[in-house]
Every structure is written in structure tokens, then in C-alpha cells.
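Read through the structure below, which is laid out as C-alpha cells, and then see the notes.
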Amino acid sequence: MKILITGADGQLGSELKISSRSSDDQFIFTDIEKFDITNKDMIESFLIKNRINLIINCASYTAVDRAEEEPELAKKINSFGTKNLSVISKNLSIPLIHFSTDFIFDGRKNIPYTEDDKGNPLSVYGATKLESEINVNKYSYRSIIIRTSWLYSTFGNNFVKTMIKLGNAKNLIKVISDQYGSPTYAKDLAESILKIINYEKSFAAKNNNSILFSDNVTKRHQIYHYSNEGIITWYEFAKAIMDIGNIDCEILPITTEEYKVLAKRPKYSVLDTKKIQRDYNMAIPFWKDSLKECIEKLNY
Ligand SMILES: NC(=O)c1ccc[n+]([C@@H]2O[C@H](COP(=O)([O-])OP(=O)(O)OC[C@H]3O[C@@H](n4cnc5c(N)ncnc54)[C@H](OP(=O)(O)O)[C@@H]3O)[C@@H](O)[C@H]2O)c1
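Per numbering that gives the first Met the number 0, residue 0 is the first one in the sequence shown, and the count goes up by one each step.
Set out below in C-alpha cells:
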């Protein structure tokens, strides 16, 4: 298969570059210069010319606070860009794997969110990602949407790298202790995507079918939740980063109200991951084990 990765210079795309090395499939990695999801002509000609069989859409506007100040740009990329990709790939019968976020939820629950829970975003970013989901479901050929949360990796900018930098520069950092969620190591997510592709390929082969996601004939569009196992606050996350990284910096717990940022975030955005574990027979690593692996890599 020829698999296109969009937004491949970001965290998840960079991890996919590494994980896919062991795959038999051919991966084509692009970012905005070669494949801009807001440019319809570029999308169509690229997909046809390269005879793409599957798209993994890692392209996204992900600056949560900045989105409050430039909502048009966030909407252009996350909502309209995803619509372009969905409509054109449907015309060419190409299935799509797309990513969304725990920030589509309002955080009023106190038990993990399932795939059937209704989105009610608190921020511009969350709203544009919910729109991206609606567009994928409405316009794409066949699709899997994977909602993930608190993504980090050795690549790009993320909470883990910011904490390490701040921890090395300061004696004390204040971190929010009343927002609950689950961190996700992008490497784990990348590996799970490859497992899904292999599972779908062997399912299609067993059924003498060349179409991916063909077991979902009546439900061609599936949503899944994927995050590492365990529920923590940003404060606990920061403490673990200092402990594992051997960084001598005190972490002080503060409330959401004490930390002024532009975008409102859900107080509780834990994702229930049972469906993806069951459907694809996959085990998800515990957050602290994955954090250790990432910090070891950063220190290496
Ligand atoms: N990061 C998180 O904490 C988090 C949490 C939950 C869900 N997610 C979701 O997980 C997915 C992957 O996130 P990530 O952290 O890997 O994102 P990321 O690091 O921000 O990567 C996104 C990539 O897409 C590129 N891009 C932006 N506009 C584009 C366009 N018009 N066409 C093509 N590429 C474009 C970005 O380029 P520039 O850098 O130049 O803009 C960047 O390289 C996203 O769908 C995100 O919403 C992320």
C-alpha cells in the first residue's frame, strides 16, 4: 500500500516516520509545503499522481491558546482543510485516518468519556477539531477518527519538554492541579496506528477484499479513543517529569483560576479507551512507563 502522512513534521508524524521503518507498506511523508490540506488542487493532484491507498492526517492547527486570537486560521486548517481532504479522498475512494482531541469535551463528567459522549468544546481549538470530526464523518469515503489527549514526544513542543527546560532553569514551577486527563506518548500512538493498519489489511485479505475498514460496512466511520493508561493532573505529570528526569525543581500545585491563559480547558477529559483495545486487540502502556522511555531518549 501507498500511505500518505500529512503534517508529518509534527510530533505524531515524526514518530510515524520512525515506527513505519519496519512496515512493508510504502509511506510518503509530507508537510504543508508539499501537501497543504487547505489547497484543494494540491490535494487532488498529489493523491492521483502518487496513487495513494490510505491517508493518515496528522496535519492540524494545534496552538490551543493562539487559536483564541486567530480563530479563522484554526478553522481554515482544522475544519475546512479536513473537509477538503475528506471530499477529495471520497471521490478517489481513499480511506482516511484522522486525529482529534479530548478538548472537544466540556469536562463536566467525572468518569472517562466514551466515543458516544457528545462533544461540547470550551475553546476555539476544541470547536474546530469537533468540526473536523463532523466533516470526516460526513464527507469521507471510510474513516477512523482517533481522539487522543495530552500528546508528547521527543519531537516538537510539548509539556514534557517545556517542564524539563523550565525545571533546569528555575527552582520552583507552579502547575495546575485541578485538571484531570491522561498523557499520551506519540510513539505509542504511532505504533498503535500501524497495528490498526495491519489488522485491517489482514481482515480485508481474509475476506478477499482490497478495501480497508471493510468490516464496518454498515458503519463506515468509526471513532476511537487512545491515550496512555492512568489518570493524573498536570501537577502530577510535572512532578513525575522532575522525578524521572532527576531535576531538582519544586512543583507547586495551583488552581485553574490562578493560571491565566486564553483558552478554557476541560477540568476532566479522561478518554475511555476500551473500544480500541477490544476491536484491535491492543494493550496500551501505562503513562509513567512511556514517560520514562521518552525522557531516557531525550537524555540520550
Ligand atoms: N498536541 C497535543 O497535545 C494533542 C492532544 C490531543 C490531540 N492532538 C491531535 O493529534 C494530532 C497530531 O498532533 P501533533 O501534536 O502531532 O501536532 P503538531 O506537532 O502541531 O503537528 C501538526 C503538523 O501539521 C502541520 N500543518 C499545519 N497546517 C497545515 C496544513 N494546512 N497542511 C499540512 N500540514 C499542516 C504543522 O505545521 P506547522 O508546525 O508549521 O504549523 C505541523 O507540522 C492533531 O490532529 C492534534 O489535534 C494533539
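Yeah, the Cβ is synthetic: ideal placement off N, Cα and C, and Gly gets one too.
For Ser44 against Ser85, the beta-carbon gap comes to about 17 Å, at or over 8 Å, which does not count as contact. Using a 10 angstroms sphere on the CB of Phe285, the tally of other CB atoms stays under 16, which defines it as exposed. Short note on Ser78: C-beta not closer than 6 Å to any heavy atom of ligand 1. No heavy atom of ligand 1 is found nearer than 6 Å to the CB of Thr81.
Linking Arg65 to Thr183 through their CA atoms gives a straight-line distance of about 22 Å. Taking a C-beta distance under 7 Å as the contact criterion, Gly106 and Pro252 do not qualify as a contact pair.
Ala7 is a Cβ neighbour of Asp30, given a cutoff of 7 Å. Here the distance from the Cβ of Phe98 to the nearest heavy atom of ligand 1 is below 6 Å. Under the 8 Å Cβ criterion, the region 236-255 does not count as touching the region 108-124, having fewer than three qualifying pairs. Taking one beta carbon from each stretch, the region 224-235 and the region 268-287 have 3 or more pairs nearer than 8 Å; the two touch. At least one heavy atom of ligand 1 lies less than 6 Å from the C-beta of Cys57. One thing to note: Leu188 has its Cβ no nearer than 7 Å to the Cβ of Ser142. The residue from Asn38, Leu3, Ala282 with its alpha-carbon nearest to that of Asp24 is Leu3. For Glu67, no beta strand (DSSP E) segment is defined, and its DSSP state is neither H nor E. Here the distance from the Cβ of Ile31 to the nearest heavy atom of ligand 1 is below 6 Å. In the displayed model, Lys273 falls within a helix according to three-state DSSP. Here Ser92 is exposed. Its C-beta has fewer than 16 other C-beta atoms within 10 Å. Per the DSSP secondary-structure output, Tyr179 pairs in a beta bridge with Thr232, Tyr267.
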